[in-house]
Amino acid sequence: MKYVSSLREMSQALADGEVSSAELTQDHLARIKEVDPQLNSFITLTEEEAMAQASAADALRSQGDRRPTLGLPIAHKDIFCTKGILTTAGSKMLGNFVAPYDATVVTKMADAGMVSIGKTNMDEFAMGSSNENSYFGPVANPWDTDRVPGGSSGGSAAAVAGGLVAGATGTDTGGSIRQPAALCGITGLKPTYGRVSRFGMIAFASSLDHAGPMARSAEDAALMLSVMAGFDPRDSTSAKRDDAWLADMLHSGIAEPERPMVIGLPDQYYENSSNQESVTAARQELEKLGHTFKRVSLPHTDAATPVYYVLASAEASTNLSRYDGVRYGHRCENPTSLQDLYERSREEGFGDEVKLRILTGTYTLSVGYFDAYYLKAQKIRRLITQDFDNAFAEVDLLLTPTSPTPAFRKGQLTDDPVAMYQQDLYTVPTSLAGLPAMSLPCGFSQGMPMGMQLIAPAFREDLALGLAAQFQRHTDWHLKRPGEIN
Amino acid sequence: MTDNTIKPSDEDSPESSDGIDVAHLSALARLALNPETTSAVAADLQSIVALIDSMQSVDTQGIEPLSHPFDGSARLRADEITENPDPEHFQRSAPATSDQYYLVPRVVE
Chain A
1 MKYVSSLREM SQALADGEVS SAELTQDHLA RIKEVDPQLN SFITLTEEEA
51 MAQASAADAL RSQGDRRPTL GLPIAHKDIF CTKGILTTAG SKMLGNFVAP
101 YDATVVTKMA DAGMVSIGKT NMDEFAMGSS NENSYFGPVA NPWDTDRVPG
151 GSSGGSAAAV AGGLVAGATG TDTGGSIRQP AALCGITGLK PTYGRVSRFG
201 MIAFASSLDH AGPMARSAED AALMLSVMAG FDPRDSTSAK RDDAWLADML
251 HSGIAEPERP MVIGLPDQYY ENSSNQESVT AARQELEKLG HTFKRVSLPH
301 TDAATPVYYV LASAEASTNL SRYDGVRYGH RCENPTSLQD LYERSREEGF
351 GDEVKLRILT GTYTLSVGYF DAYYLKAQKI RRLITQDFDN AFAEVDLLLT
401 PTSPTPAFRK GQLTDDPVAM YQQDLYTVPT SLAGLPAMSL PCGFSQGMPM
451 GMQLIAPAFR EDLALGLAAQ FQRHTDWHLK RPGEIN
Chain B
487 MTDNTIKPSD EDSPESSDGI DVAHLSALAR LALNPETTSA VAADLQSIVA
537 LIDSMQSVDT QGIEPLSHPF DGSARLRADE ITENPDPEHF QRSAPATSDQ
587 YYLVPRVVE
């Protein structure tokens with residue numbers, strides 16, 4: 001079975017009548033069945049529902065519907081609620097949870113005629129950077145199946161990189177779209193906080209959770225974003241925006257940048273990275289295209305990881321208190337009391353990393369510790385945000401490595417949570433600031449793909465996507481494929 | 487100048503004389519931890535707390551906390567019924583129900 005082609009190519013083939021959505025969907029399902037036993041990138045395949053959606057799309061097309069997204073197969077990270085379909089968040093706790101409603105992202109993509117072929121594997125409750133924390137087993141990196149795909153959206157990243165699907169949704173709380181995108185050699189975008197609705201997305205840390213697209217190119221990511229984005233009255237932090245470029249990208253693709261960009265290189269992101277060479281080469285390519293570079297400083301970068309782990313864990317311990325074995329989710333056998341029901345259901349239903357984060361959050365929110373940890377972290381969060389504001393007074397975009405290392409071996413960091421947390425070094429600052437940031441492939445190290453990160457001012461995803469698309473028109477890193485998986 | 491780190495010792499303190507009191511924390515979090523894993527969890531928590539303590543050196547004098555990106559606050563909507571409640575539909579994933587009630591072990595004897 002061959003790799004699936006890009007969303008844009010499939011869109012064109014559908015428009016030209018070369019293929020039907022039903023045929024495309026069948027091809028996807030066949031490839032997944034053949035290849036996924038080696039990757040474990042899917043938790044659930046929704047074959048029947050997908051074929052029904054594909055047939056409906058084909059029927060609409062025969063009636064003259066020409067929307068560019070009509071009939072395109074995609075997959076959803078298993079953190080998005082899908083009505084009538086298992087929605088696990090990678091946890092035993094939700095191992096039998098059938099969502100009673102659709103997430104807004106799921107609704108919007110279905111309304112655009114896209115075909116959901118299944119739900120992708122992930123670190124439990126999106127907590128992890130290697131996809132080794134899934135109750136449904138680890139995911140393999142298609143470039144080397146002994147290595148991790150990154151996390152937490154590791155299933156989506158591996159499925160796209162392995163050519164099982166051209167686009168998949170992901171979520172990013174501290175880097176969970178960008179880091180696996182980098183480690184698997186694909187393009188992933190964390191939009192601005194508020195750009196994409198969080199309604200129906202299982203909550204990890206509400207002030208940090210973002211949904212976004214994962215695809216093989218900036219063009220495909222933009223196509224997905226244009227459908228996913230938009231104000232949602234059911235998400236109290238959804239932003240009311242009227243950005244005409246979203247529709248322009250949907251219908252006409254990404255335009256060339258209007259002018260050369262001034263791109264900032266934050267000193268703090270280049271001090272300890274082993275990912276210098278590929279980003280330096282990318283920088284030279286961008287210089288050839290007429291863009292200029294300027295060193296900038298983001299002085300509170302070092303504090304971002306500790307601040308993130310205080311805030312994310314505190315919000316997680318609060319959000320995950322809802323899993324009590326009473327209303328839905330795992331319940332222990334023969335509880336002797338209500339207290340026993342809560343304590344054993346949670347002990348049995350949650351994995352080790354989730355428990356660790358809940359305990360960390362419980363610790364920092366404890367009486368007498370709240371000011372020293374939670375409030376202190378919120379104050380530094382403001383300083384980190386101000387660092388970005390100051391930088392964007394001087395430059396249009398920022399260019400950094402996405403991840404300090406290429407994909408590491410399975411098991412390499414599992415016994416050292418702090419070393420695992422350092423994987424997020426370059427991605428958490430923008431999570432805290434809510435700024436749009438994307439990772440795109442820019443080279444290889446140790447035979448594994450490396451990613452670079454473009455960070456834009458709030459609600460200026462168009463700047464990052466514009467530069468990324470231009471870069472991808474002049475390079476072919478994003479077109480590299482892993483060898484056939486066997 | 488740095489903020490004072492406030493670590494009072496009171497009866498709710500999550501620290502005991504030999505470090506983090508995992509038993510107390512897990513009781514607060516309603517997590518019945520397996521006793522065999524407690525020491526490993528305590529060690530992991532100690533290293534995480536060491537990581538997060540590194541932020542204490544940042545000067546935050548006069549800085550207001552930021553709870554959401556862009557100082558966003560939760561928007562309120564009109565207090566109107568917008569959906570038809572369908573308890574049976576929403577209770578389909580519940581472990582134990584009866585007459586639209588959720589069943590739990592007896593609380594009052």
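For the record, the sequence lines run as chains A and B. According to my numbering, the first sequence is numbered sequentially starting from 1. According to my numbering, the second sequence is numbered sequentially starting from 487. In this text, a Cβ means the ideal position worked out from N, Cα and C, and glycines have one as well.
**Asked** Going by Cα to Cα distance, which pick from 429/A, 443/A, 84/A and 360/A is closest to residue 528/B?
**Response** Looking up residue 528/B in the second sequence gives position 42. Comparing Cα-Cα distances from residue 528/B to each of 429/A, 443/A, 84/A and 360/A, the minimum goes to 360/A.
**Asked** Are the CB atoms of residue 351/A and residue 77/A nearer to each other than 9 Å?
**Response** In the first sequence, the residue the question calls residue 351/A occupies position 351. In the first sequence, the residue the question calls residue 77/A occupies position 77. It is not a contact, given that the beta carbons lie outside the stated cut-off.
**Request:** Please state if the CB of residue 43/A and the CB of residue 118/A are separated by a distance shorter than 9 Å.
**Result:** By one-based count along the first sequence, residue 118/A stands at place 118. By one-based count along the first sequence, residue 43/A stands at place 43. The answer is yes: Cβ separation under 9 Å.
**Message:** Using CA atoms only, rank isn't needed, just tell me which of 182/A, 394/A and 419/A is closest to residue 153/A.
**Reply:** Translated into the one-based positions of the first sequence, residue 153/A becomes position 153. Residue 182/A is the option with its Cα nearest to residue 153/A.
**Request:** With DSSP collapsed to three states, give me the class of residue 454/A.
**Result:** Numbered from its first residue, the first sequence carries residue 454/A at position 454. Correct three-state label for residue 454/A: strand.
**Request:** Excluding the 5 residues preceding and the 5 following residue 462/A in the sequence, name in chain order all residues of the same chain whose CB lies nearer than 6 Å to its CB.
**Result:** Counting from 1 along the first sequence, the entry for residue 462/A is found at position 462. Correct list, in chain order: 245.
**Message:** Taking the alpha-carbon of residue 320/A as reference, which of 126/A, 425/A and 169/A has the nearest alpha-carbon?
**Reply:** For the purposes of this step, residue 320/A is taken as residue 320 along the first sequence, with counting starting at 1. Closest by alpha carbon: 126/A.
**Item:** Reference residue 10/A, options 65/A, 375/A, 40/A and 74/A, closest by Cα
**Value:** Residue mapping note: residue 10/A aligns to position 10 of the first sequence, counting from 1. Check the Cα spacing between residue 10/A and each of 65/A, 375/A, 40/A and 74/A: the tightest is with 74/A.
**Prompt:** Between the Cα of residue 220/A and the Cα atoms of 408/A, 323/A, 137/A and 466/A, which residue gives the shortest distance?
**Reply:** Start at 1 with the first residue of the first sequence, and residue 220/A comes out as number 220. The shortest CA-to-CA distance from residue 220/A to any of 408/A, 323/A, 137/A and 466/A is the one to 466/A.
**Request:** Kindly say whether residue 272/A, judged by its beta-carbon, lies nearer than 9 Å to any beta-carbon of chain B.
**Result:** Translated into positions along the first sequence, residue 272/A becomes position 272. It does not; no Cβ of chain B falls within 9 Å.
**Prompt:** Given that residue 515/B touches chain A, what residues does it touch there, using C-beta distances under 7 Å?
**Reply:** The residue you call residue 515/B lines up with position 29 of the second sequence. Chain A residues near residue 515/B: 317, 358, 359 and 362.
**Request:** Report buried or exposed for residue 497/B, applying the criterion of at least 16 other Cβ atoms within 10 angstroms of its Cβ.
**Result:** Translated into the one-based positions of the second sequence, residue 497/B becomes position 11. The predicted position of residue 497/B is uncertain, since its pLDDT is 45 and thus under 50; a value taken from the coordinates is nonetheless stated next. Taking all protein chains in view, the Cβ of residue 497/B is surrounded by fewer than 16 other Cβ atoms within 10 Å, so the residue is classified as exposed.
**Message:** Strictly under 9 Å for the Cβ-Cβ distance: is residue 549/B near chain A by that measure?
**Reply:** Counted from its first residue, the second sequence places residue 549/B at position 63. For residue 549/B, the nearest beta carbon of chain A is closer than 9 Å to its own beta carbon.
**Asked** Apart from the five residues just before and just after residue 417/A, which ones in its own chain have a Cβ nearer than 8 Å to its Cβ?
**Response** Translated into the one-based positions of the first sequence, residue 417/A becomes position 417. Cβ neighbours of residue 417/A beyond the five flanking positions: 353 and 356.
**Item:** Spatial neighbours of residue 297/A in its chain, beta-carbon cut-off 6 Å, leaving aside the 5 residues before and after
**Value:** Sequence index remark: in the first sequence, residue 297/A carries index 297 (1-based). The residues are 267.
**Asked** What are the boundary residues of the beta strand (DSSP E) that residue 567/A is part of?
**Response** Here chain A comprises residues numbered 1 to 486, so residue 567/A is not present and cannot be evaluated.
**Bridge partner(s) assigned by DSSP for residue 263/A** = Here the question's residue 263/A lines up with position 263 in the first sequence. The partner list for residue 263/A (beta bridge, DSSP) reads 293/A and 397/A.
**Residue environment, residue 480/A, which counts as buried when at least 16 other CB atoms sit within 10 Å** = Residue mapping note: residue 480/A aligns to position 480 of the first sequence, counting from 1. By the 10 Å Cβ count, residue 480/A comes out exposed.
**Prompt:** Is it buried or exposed for residue 222/A, if we count other Cβ within 10 angstroms and need 16 for buried?
**Reply:** For the purposes of this step, residue 222/A is taken as residue 222 along the first sequence, with counting starting at 1. By the neighbour-count rule (16 or more Cβ atoms within 10 Å), residue 222/A is buried.
**Asked** Between the segment 372–381 of chain A and the segment 154–170 of chain A, do at least 3 Cβ pairs fall closer than 8 Å?
**Response** The way I'd put it, the segment 372–381 of chain A doesn't touch the segment 154–170 of chain A; fewer than three beta-carbon pairs between them come closer than 8 Å.
**Message:** Strictly below 8 Å CB to CB, what residues from chain A border residue 530/B?
**Reply:** The residue you call residue 530/B lines up with position 44 of the second sequence. Within chain A, 356 and 417 have C-beta atoms less than 8 Å from the C-beta of residue 530/B, given in sequence order.
**Prompt:** Which of the residues in the segment 193–213 of chain A, read from start to end, lie with their CB under 7 Å from any CB of chain D?
**Reply:** No chain D is present in this structure, whose protein chains are A and B.
**Asked** In this structure, what does DSSP give as the bridge partners for residue 144/A?
**Response** Walking along the first sequence from the start, residue 144/A turns up at place 144. DSSP lists 141/A as the beta-bridge partner residues of residue 144/A.
**Item:** Three-state class that DSSP yields for residue 392/A in the structure shown
**Value:** To locate residue 392/A, count along the first sequence from 1; it is residue 392. In this structure, residue 392/A counts as helix in the three-state DSSP scheme.
**Prompt:** Do residue 186/A and residue 474/A have their CB atoms nearer than 9 Å?
**Reply:** For the purposes of this step, residue 186/A is taken as residue 186 along the first sequence, with counting starting at 1. For the purposes of this step, residue 474/A is taken as residue 474 along the first sequence, with counting starting at 1. With a cutoff of 9 Å on beta-carbon distance, residue 186/A and residue 474/A are scored as not near each other.
**Asked** Using a beta-carbon distance cut-off of less than 8 Å, what residues from the segment 369–381 of chain A approach chain B?
**Response** Answer in chain order: 369, 371, 372, 373, 375, 376, 377, 378, 379, 380 and 381.
**Asked** Where does residue 233/A land, buried or exposed, given buried means 16+ other C-beta within 10 angstroms?
**Response** Working through the first sequence from its first residue, we reach residue 233/A at position 233. Label assigned to residue 233/A: exposed.
**One or two residues paired with residue 443/A in a DSSP bridge** = As a working mapping, residue 443/A is identified with position 443 in the first sequence. Looking at the DSSP assignment, residue 443/A forms a beta bridge with 450/A.
**Item:** Neighbour flag for residue 555/B against chain A, beta carbons, 9 Å
**Value:** For this step, residue 555/B is matched to residue 69 along the second sequence. Proximity of residue 555/B to chain A, defined by a Cβ-Cβ separation below 9 Å, is satisfied.
**Asked** Quick one: is residue 446/A buried, meaning 16 or more other Cβ sit within 10 Å of its Cβ, or exposed?
**Response** In the first sequence, residue 446/A corresponds to position 446, counting from 1. Exposed.
**Asked** In this structure, does DSSP put residue 10/A in helix, strand or coil?
**Response** By one-based count along the first sequence, residue 10/A stands at place 10. It is helical.
**Message:** Nearest by alpha-carbon distance to residue 144/A: which of 407/A, 422/A and 439/A is it?
**Reply:** Taking the first residue of the first sequence as position 1, residue 144/A is located at position 144. Minimum Cα distance to residue 144/A is reached at 407/A.
**Item:** Reference residue 555/B; option with closest CA among 247/A, 173/A and 45/A
**Value:** Mapped onto the second sequence, residue 555/B falls at position 69. That would be 173/A, whose Cα lies nearest to the Cα of residue 555/B.
**Message:** Alpha carbons only, please: which of 68/A, 166/A and 256/A is nearest the one belonging to residue 226/A?
**Reply:** Stepping through the first sequence from its first residue, residue 226/A is reached at position 226. The candidate whose alpha carbon is nearest that of residue 226/A is 68/A.
**Prompt:** Are the CB atoms of residue 264/A and residue 398/A nearer to each other than 9 Å?
**Reply:** Indexing the first sequence from 1 puts residue 264/A at position 264. Indexing the first sequence from 1 puts residue 398/A at position 398. Yes.
**Asked** Do residue 468/A and residue 440/A come within 9 Å of each other at the CB atom, strictly closer than that value?
**Response** Here residue 440/A refers to the residue found at position 440 when the first sequence is read from its first residue. Here residue 468/A refers to the residue found at position 468 when the first sequence is read from its first residue. Yes; because the gap between Cβ atoms is below 9 Å, this pair is in contact.
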